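Asks: Structure in structure tokens, see below.
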Amino acid sequence: MNKSVISVKNVSKAVAGRQLLVDVSFDVAEQSLVSLIGPNGAGKSTLVKIILGLDPHYEGSVVIRTGERVQYIPQLTMNDQYQLPMSVYEYISIATNRLYGATRKKVDFEKTLIHVGVATEKLYQSYTSLSGGERQRVAIARALLGDPTILVLDEPLAAVDYASRAGLYELIRHLQQGHKMTVLLVSHDIDSVLPLSDQVLCLNQSLHTDCHPSEFTTKDGQTNQTIHHHC
Amino acid sequence: MELLTYTFVQYAFLGGISMAVLAGMLGPFVVQSRQSIASDMFAHVALAGIGAALLVGASPWWGALPALIIVSTLIWWLLDSGTYSPDALAMFFLSGGLALALAFVHLARDTVFSFENYLFGSILTLTTTDVLAIVVSTILVAGIVWFAWYPLLGATQSPRYFVPFRRTPKVVQLLFFWLLAIVVWVGIKTIGGLLIGALLVIPVLATRNWATSFKQVVLLSTLASVLSVSLGLITAFYVDLPPSSLIIGMTILLFILQSVARFLIQKKGG
Chain A
50 MNKSVISVKN VSKAVAGRQL LVDVSFDVAE QSLVSLIGPN GAGKSTLVKI
100 ILGLDPHYEG SVVIRTGERV QYIPQLTMND QYQLPMSVYE YISIATNRLY
150 GATRKKVDFE KTLIHVGVAT EKLYQSYTSL SGGERQRVAI ARALLGDPTI
200 LVLDEPLAAV DYASRAGLYE LIRHLQQGHK MTVLLVSHDI DSVLPLSDQV
250 LCLNQSLHTD CHPSEFTTKD GQTNQTIHHH C
Chain E
28 MELLTYTFVQ YAFLGGISMA VLAGMLGPFV VQSRQSIASD MFAHVALAGI
78 GAALLVGASP WWGALPALII VSTLIWWLLD SGTYSPDALA MFFLSGGLAL
128 ALAFVHLARD TVFSFENYLF GSILTLTTTD VLAIVVSTIL VAGIVWFAWY
178 PLLGATQSPR YFVPFRRTPK VVQLLFFWLL AIVVWVGIKT IGGLLIGALL
228 VIPVLATRNW ATSFKQVVLL STLASVLSVS LGLITAFYVD LPPSSLIIGM
278 TILLFILQSV ARFLIQKKGG
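Sequence order for the protein chains is A and E. Be aware that the first sequence starts at 50, since it is given in this note's numbering, and climbs by one per residue. Be aware that the second sequence starts at 28, since it is given in this note's numbering, and climbs by one per residue.
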């Protein structure tokens, strides 16, 4: 137990003389839920891209244990008015189709939708007509269909209304335990991630410490500053 | 109906409807990927290919095909490098293609050649070989779109719908550019290089609000495109106007009609 599935060692990155990440090192233990928190511009997304292997230009090393299947749920933004209609079925199928070697049947789609708390009738509805919370759940369903052992979520609540947030976090925790996944969750919503995280990493260019939940005294609307000051 | 007994009319309908299917099918991918201007860029590059073919004594239309495939690959590579903004690249190839075409045609000293046929199309003068090439192109593109439907859908989405950690969509984007190059190639022969963009885009705009899935958008825009081409061609035999202008006129009319219908439905619904 507690073997490291993601190992980040001395990762630094600078762009045009500006230091985005400075000597970041940490390990993510197997089947744990690790939150990476920090204010805007702290380098969270940069670090995630490096971990996912989407950005090869950095110093240091990132090792993901052999055999792990990583699924990434990028940050959803608000509705894009130019987006052409796309059904939920199509949205899920973009990643799960025969050319990408991940054929899934409709029944798998339906099961997974129920699993993440979305009615199966939504399968043929327009993805853009869904609420932010539903979209996030559908995005999670799409990732789950890839049968991941590691799930990386970037700001899962960015496009979700306040009322749906608690439910979504509960879902993430529930899925993590049920599927025995390792979850890396990127967020600046410190209040919500603290109770469910096994480990909290506080990033602001460099990793400050393994911030223990009790070290945070957050107030609504001041999360960014709070993270910064208390790290 | 008597008109349909003429070979040139049959060819016009066969070539036109084939092209309509091509444009209607690929149009939603073009609009979705915000590459609407790319068809214009490709068309201007095709003109340079036509000029070069003229210079070496080859068939102008066939000369456009290699030029389109080579330059679409170049544009894909330049866009992928991220060094130049898409609009600046568009202007580079739009004007550059036209300038080259002008120079080539001047050097070829062909007094009979007219660019107008390729700018505004010559659907009423299609030969058997032309129609055959157009139909084969349509079958080829339709087959590829059917086979690579979801990868194409993924590669032409806004970046946030991309699925990283899967096979990169970059290769699929190149495939998409090649498909678009083929559509433009067929377009310069039929409706014209300057007008194919309208046939790619307007049917999508006219039907997008009536669909709930991407597949529906593709089906509806193909239908709208075929309808516009058919009505435009039929009208062209009775009205003394260029067929291309009538075809695009029909797409605009369709767009206006659906806008009014939508307005009325929304008003009725409160």
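Cβ atoms here follow ideal geometry from the backbone N, Cα and C, with glycine treated the same way. Just so you know, these numbers come straight off a predicted model, no measurement behind them.
For T302 of chain E, which option in E:F69, E:T34, E:A50 has the closest C-alpha, if you only look at C-alpha atoms?
Replies: A query on residue 302 of chain E cannot be resolved here, the shown segment of chain E reaching from 28 to 297 and no further.
Asks: Answer with yes or no whether the minimum CB distance from Q285 of chain E to chain A is below 8 Å.
Replies: Taking the second sequence and counting its residues from 1, one reaches residue 285 of chain E at position 258. No, because no Cβ of chain A sits closer than 8 Å to the Cβ of Q285 of chain E.
Asks: Chain E partners of P134 of chain A, CB-CB under 8 Å?
Replies: Here residue 134 of chain A refers to the residue found at position 85 when the first sequence is read from its first residue. The contacting residues are R235, A238, T239, S240, F241, Q243, V244.
Asks: Check E79 of chain A in the structure and name its three-state DSSP category.
Replies: In the first sequence, the residue the question calls residue 79 of chain A occupies position 30. Note: E79 of chain A maps to coil in three-state DSSP.
Asks: Give the secondary structure of A63 of chain A by DSSP, where H, G and I count as helix, E and B as strand, and everything else as coil.
Replies: By 1-based counting over the first sequence, the position of residue 63 of chain A is 14. Of the three classes helix, strand and coil, the one that applies to A63 of chain A here is strand, per DSSP.
Asks: 8 Å is my cut-off, CB to CB: does E183 of chain A come that close to chain E?
Replies: Taking the first sequence and counting its residues from 1, the one referred to as residue 183 of chain A is at position 134. E183 of chain A does not count as touching chain E.
Asks: Provide the residue span of the alpha helix (DSSP H) that contains Y211 of chain A, from first to last.
Replies: Your numbering for residue 211 of chain A matches position 162 in the first sequence. Looking at the DSSP string, the run of the alpha helix (DSSP H) that includes Y211 of chain A is 211-227.
Asks: Taking only beta carbons into account, state which residues of the region 40-72 of chain E come closer than 7 Å to chain A, listed in chain order.
Replies: Listed by position along the chain: P55, V58, Q59.
Asks: Helix, strand or coil for Y281 of chain A per DSSP?
Replies: Nothing about residue 281 of chain A can be reported from this structure: the residues present for chain A run from 50 to 280 only.
Asks: Going straight from the alpha carbon of Y107 of chain A to that of L70 of chain A, what length do you get?
Replies: Within the first sequence, numbered from 1, the residue matching residue 107 of chain A stands at position 58. Within the first sequence, numbered from 1, the residue matching residue 70 of chain A stands at position 21. Rounded to the nearest angstrom, the two C-alpha atoms are 9 Å apart.
Asks: In angstroms with no decimal places, state the Cα-to-Cα distance between H164 of chain A and N253 of chain A.
Replies: For the purposes of this step, residue 164 of chain A is taken as the residue at position 115 of the first sequence. For the purposes of this step, residue 253 of chain A is taken as the residue at position 204 of the first sequence. Between H164 of chain A and N253 of chain A, the C-alpha separation is close to 35 Å.
Asks: List the endpoints of the continuous beta strand (DSSP E) containing S110 of chain A.
Replies: Sequence index remark: in the first sequence, residue 110 of chain A carries index 61 (1-based). 108-113 is the span of the beta strand (DSSP E), which, as asked, contains S110 of chain A.
Asks: In this structure, what does DSSP give as the bridge partners for K58 of chain A?
Replies: Here the question's residue 58 of chain A lines up with position 9 in the first sequence. DSSP lists A:S110 as partners of K58 of chain A.
Asks: From I209 of chain E to F140 of chain E, what distance separates their C-alpha atoms?
Replies: Locating residue 209 of chain E in the second sequence gives position 182, where the first residue counts as 1. Locating residue 140 of chain E in the second sequence gives position 113, where the first residue counts as 1. So the alpha carbons of these two residues sit roughly 23 Å apart.
Asks: Could you give the distance in angstroms between the alpha-carbon of S240 of chain E and the alpha-carbon of G102 of chain A?
Replies: Within the second sequence, residue 240 of chain E is the residue found at index 213, counting from 1. Within the first sequence, residue 102 of chain A is the residue found at index 53, counting from 1. Each residue's alpha carbon lies about 32 Å from the other.
Asks: Rounded to whole angstroms, what's the CA-CA distance from T198 of chain A to T231 of chain A? Just pull it up for me.
Replies: As a working mapping, residue 198 of chain A is identified with position 149 in the first sequence. As a working mapping, residue 231 of chain A is identified with position 182 in the first sequence. Going by the C-alpha atoms only, they are around 6 Å apart.
Asks: For L200 of chain A, which three-state DSSP category applies?
Replies: One-based indexing of the first sequence puts residue 200 of chain A at position 151. Here L200 of chain A sits in strand by DSSP.
Asks: Quick check on A65 of chain A - is its C-beta less than 8 Å from some C-beta in chain E?
Replies: On the first sequence, residue 65 of chain A is found 16 positions in, with the first residue counted as 1. Taking Cβ atoms only, chain E never reaches closer than 8 Å to A65 of chain A, which makes this a no.
Asks: Can the beta-carbon of F69 of chain E be found closer than 8 Å to that of T183 of chain E?
Replies: As a first step, residue 69 of chain E must be located in the second sequence, where it is residue number 42. As a first step, residue 183 of chain E must be located in the second sequence, where it is residue number 156. Taking 8 Å as the Cβ cut-off, F69 of chain E and T183 of chain E do not qualify as a contacting pair.
Asks: To which residues of the same chain is G166 of chain A closer than 7 Å at the C-beta, ignoring the five residues directly before and after it?
Replies: Here residue 166 of chain A corresponds to residue number 117 of the first sequence, with the count starting at 1. Same-chain partners within the cutoff: R186, L220.
Asks: If the cut is a Cβ gap below 8 Å, which residues of chain E does S174 of chain A touch?
Replies: Numbered from its first residue, the first sequence carries residue 174 of chain A at position 125. Per the sequence shown, residue 174 of chain A should be read as Gln rather than Ser. Correct list: T239.
Asks: Which of helix, strand or coil does DSSP assign to I86 of chain A?
Replies: Stepping through the first sequence from its first residue, residue 86 of chain A is reached at position 37. I86 of chain A falls in the strand class under three-state DSSP.
Asks: Check the Cβ-Cβ distances between L201 of chain E and every residue of chain A, and say whether any is below 8 Å.
Replies: Translated into positions along the second sequence, residue 201 of chain E becomes position 174. By this cut-off, L201 of chain E is not an interface position.
Asks: Between which two residues does the alpha helix (DSSP H) harbouring S112 of chain E extend?
Replies: For the purposes of this step, residue 112 of chain E is identified with residue 85 of the second sequence, where counting begins at 1. Segment: none, S112 of chain E is in no alpha helix (DSSP H) and carries neither H nor E.
Asks: Check the Cβ of S142 of chain A against every Cβ in chain E and list those closer than 7 Å, keeping chain order.
Replies: Walking along the first sequence from the start, residue 142 of chain A turns up at place 93. By Cβ distance, chain E contributes Y177.
Asks: Taking E117 of chain A as the query, report the chain E residues whose CB atoms sit under 9 Å from its CB, ordered along the chain.
Replies: Looking up residue 117 of chain A in the first sequence gives position 68. The contacting residues do not exist; E117 of chain A stays about 11 Å from chain E at best.
Asks: Using a C-beta to C-beta distance shorter than 8 Å, which residues of chain E count as neighbours of E139 of chain A?
Replies: Position 90 of the first sequence holds residue 139 of chain A. Those are Y177, L180, S240, F241, K242, listed as they occur along chain E.
Asks: Check this for me: beta carbons of S136 of chain A and Y176 of chain A, under 8 Å apart or not?
Replies: Looking up residue 136 of chain A in the first sequence gives position 87. Looking up residue 176 of chain A in the first sequence gives position 127. Yes, Cβ-Cβ distance for S136 of chain A and Y176 of chain A is below 8 Å.
Asks: What separation, rounded to the nearest whole angstrom, lies between the Cα atoms of K171 of chain A and W205 of chain E?
Replies: Reading the first sequence from its first residue, position 122 is the one you call residue 171 of chain A. Reading the second sequence from its first residue, position 178 is the one you call residue 205 of chain E. About 35 Å.
Asks: Short check: CB of V58 of chain E to CB of L133 of chain A, under 8 Å?
Replies: In the second sequence, residue 58 of chain E corresponds to position 31, counting from 1. In the first sequence, residue 133 of chain A corresponds to position 84, counting from 1. A contact, by the Cβ cut-off of 8 Å.
Asks: Tell me, please, whether the CB atom of L281 of chain E is closer than 8 Å to any CB atom in chain A?
Replies: For this step, residue 281 of chain E is matched to residue 254 along the second sequence. Chain A, which has no Cβ nearer than 8 Å to the Cβ of L281 of chain E, makes this no.
Asks: Are the CB atoms of S63 of chain E and G181 of chain E within a distance shorter than 8 Å?
Replies: If you number the second sequence from 1, residue 181 of chain E lands on position 154. If you number the second sequence from 1, residue 63 of chain E lands on position 36. Going by C-beta atoms, G181 of chain E is not nearer than 8 Å to S63 of chain E.
Asks: Under a three-way DSSP split, which group does Q62 of chain E fall into?
Replies: For this step, residue 62 of chain E is matched to residue 35 along the second sequence. If DSSP states are grouped into helix, strand and coil, Q62 of chain E belongs with coil.
Asks: In chain order, what residues of the same chain lie with their CB nearer than 7 Å to the CB of V158 of chain E, ignoring the 5 residues before and after it?
Replies: On the second sequence, residue 158 of chain E is found 131 positions in, with the first residue counted as 1. Counting only Cβ-Cβ distances below 7 Å, and skipping sequence neighbours, we find Y38, L41, G42.
Asks: So for Q37 of chain E, helix, strand or coil by DSSP?
Replies: Indexing the second sequence from 1 puts residue 37 of chain E at position 10. Here Q37 of chain E sits in helix by DSSP.
Asks: Just curious, the beta strand (DSSP E) that T32 of chain E is in, first and last residue?
Replies: The count along the second sequence starts at 1 and reaches residue 32 of chain E at position 5. It is not in any beta strand (DSSP E) - T32 of chain E carries neither H nor E in the DSSP assignment.
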